[in-house]
Amino acid sequence: MPEPSCRHPITHLPGGIAISIDASTHFRPAGGFVGDIIPFEHDGVAWLYYLLDERDDAAPDDRMTGMPWAAVTTRDFATFDDEGIVLPSGGRADDDFDCYTGSVVTDDDGTLHLFYTGHNPGIRTAEGDLQVVCHATSDGDPGRWTKHPDQSFGALPGYAPEDWRDPFVFRPAQGEPWQMLLATRITDAPYRRSGVIARLVSDDLITWRAAEPTWQPHRFITQECPDVFRWGQWWYLVYSEFSDAFQTRYRIATSPNGPWLAPEHDSVDGRAFYAAKTIELGGERYFVGWIAAKDGGRDGSPWQWAGTMSVLRARQLQDGSLAFGLPTSVTSLYGRSTDVLGALEPLDGADERVGAGAETRHATWLGPELPADGLVTAEFDIREGTHACGILLRTSDDGETACVLRLEPLRHRIVFDRWPRGTTGGEQWQILGDVPHTVELERPVPLAPGRHTLQVHLDHDICVVVVDDRVTLSTRIYDLATGRVGVFATDGGFELTRIDVQTRTV
């Protein structure tokens, strides 16, 4: 198992104030990984429950312990307090040997209710492992729960007992019945199109009765981790799917009952950011998910389930669609700025002045070494007709080895590329040139001629990119731990009005 991406050493300031000088803003527990996150606001504190994945390599039937819920708390999404395990897994004979995704709500009397998915690989149907909805309560302490196994229940008739999970409980308005949304499948549909978000209703959070499904798009295997919230006049349905693409998506409506409409760009991030659910804190809406780890901590390896916690701040646009960026509490940590614009050096005969000339076939300029933890901000004024431009991350001195953030204005997208891409053999022509960027790491973004801001948060092996405080692209960078920053243009040009690198002040 690879080591956690960041440690949290402590130093002491005058007056006995303890601070972490290398604390990651992307939480990951020592010796484990963050699975699906269940956010819950309580007395101004965000409780971020998560499925603790300790990567037990044993076969399902041989595992001695199941998956629990652990939690961290935060007031700003930049610093976290580790609360440890708060909902332990059940025994080998229990429905909740594995405690999977759910939700937490507060009733009118102040009692906290936690609903979660119970799973036991030893309890099977003819089609697979059984999943049930489980219930626990607390008298007000979000870290202490009492389970109620007598209240667990499985799939209703017509739904797949093996996919009956991720209960999300909410109430559309005070005094109305509670609703429970469930990621499930209907049993009489083609498998790939059987996914549905089922709905149950309750008056007391104990007895549940069937209602019409919230959404049945006839498109996915399941819509995992459903989440519903209201923002002004709009209602939002958030879900994650792995049929068409491995992404978190959202839909909008003017009612909690739909109809749920797709905005022009309906995804929250790319392949690496998954299972996001939302929380409101301090008047802001945040999407909390995980950035997937890769097998063995290598860039060319397959993505894994679970990884490192990551938080995006959402903004509501006039048409109800959402824009995404970094939390301001995170960017404010990086107060020490180094101007890179005057330090850029031309490569391979590029013009001395960055972006000079009406058009360039290809030109690259390189700057200084990048810190492992830092914030890069660049402002490009892109000329009409430009095919590509962007930033090189952790590049070698000759530009042959680098991670590439490439803006493609004619395609209105940003992609993540990497050099060298690799080869399929020893011959010169067997370079992976037919893979123009990392698969599933592309994002649509409006790139009309003019000024655009590219912001890159590097946190050791985590990389979160933001374009125009609107579109995010998260990924991992394992293989290149060091290197320089650079900019480039291909078949076009730009004026570079700003590029700086910011590091932490503490």
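Just remember that this note's numbering sits 138 ahead of the position in the sequence shown, which is counted from 1. For each residue, glycine too, the CB sits at the ideal point set by N, CA and C.
In this structure T524 is buried. Its beta-carbon is surrounded by 16 or more other beta-carbon atoms within 10 angstroms.
Shown here, V644 sits in coil according to DSSP, grouped into three states, outside any helix or strand.
Within the same chain, Cβ atoms closer than 7 Å to the Cβ of A481 are found at G505 and P506, the five residues on either side in sequence being excluded. For L294, the CB contacts under 7 Å within the same chain, skipping 5 residues up- and downstream, are A348 in chain order. When DSSP reads this structure, A209 sits in a beta bridge with Y187 and G222. Annotation for V270: the continuous beta strand (DSSP E) segment containing it runs D267 to S276.
Put simply, the backbone Cα of P226 is about 25 Å away from that of F425. Taken through DSSP and simplified to helix, strand or coil, D304 comes out as strand. Below 8 Å, enough C-beta pairs join the segment 402 to 412 and the segment 448 to 463 to call them touching: three or more. For T466, the uninterrupted alpha helix (DSSP H) run begins and ends at T466 to T469, by DSSP. Between the segment 330 to 338 and the segment 360 to 378, the count of C-beta pairs closer than 8 Å reaches three or more; the two stretches touch. Cβ-Cβ distances below 7 Å link G560 to G438 and L570 in the same chain, with the five nearest sequence neighbours on each side left out; the list follows chain order. Counting C-beta pairs with one atom in each stretch, the segment 409 to 418 and the segment 390 to 399 have fewer than three that are closer than 8 Å, which means they do not touch. Nearest in C-alpha terms to R213, of all of W185, P582 and E379, is W185. Rounded to the nearest angstrom, the Cβ distance from I359 to R330 is 6 Å, consistent with a contact under 8 Å. Inclusion of Y187 and V243 in the CB contact set at 9 Å is not warranted, their separation being larger than that value. Excluding sequence positions up to five before and after A586, its CB lies within less than 8 Å of the CB of P547, all in the same chain and listed in chain order. Here E314 is exposed: its Cβ has fewer than 16 other Cβ atoms, across all protein chains shown, within 10 Å.
If you keep only unbroken beta strand (DSSP E) runs of at least 3 residues inside the segment 495 to 577, you get 498 to 507, 511 to 520, 526 to 533, 540 to 546 and 551 to 557. Here G435 carries a helix assignment [DSSP, helix/strand/coil]. About 5 Å separates the CB atoms of W503 and V625; that is less than 8 Å, so the two are in contact.
By the 16-neighbour rule on beta-carbons within 10 angstroms, S276 is buried.
If the five residues before and after G278 are omitted, its C-beta is found closer than 8 Å to the C-beta atoms of G248, T249 and L250, all from its own chain and listed in chain order.
Distance between F253 and A208, taken at the CA atoms: about 15 Å. Take the alpha-carbon of H590 and the one of A627: they are about 14 Å apart. With the rule of 3 Cβ pairs closer than 8 Å, the segment 507 to 514 does not count as touching the segment 483 to 490. Distance from the CA atom of T284 to the CA atom of C272, rounded to whole angstroms, is 11 Å. With respect to the 9 Å criterion, H257 and D245 are not classified as neighbours on the basis of their beta carbons. Proximity to C541 across D599, D181, S162 and G588 peaks at D599, based on C-alpha coordinates. When the alpha-carbon of Q289 is set against those of A298, V270 and F306, the nearest one is in V270. For G473, the secondary structure class from DSSP, reduced to helix, strand or coil, is coil.
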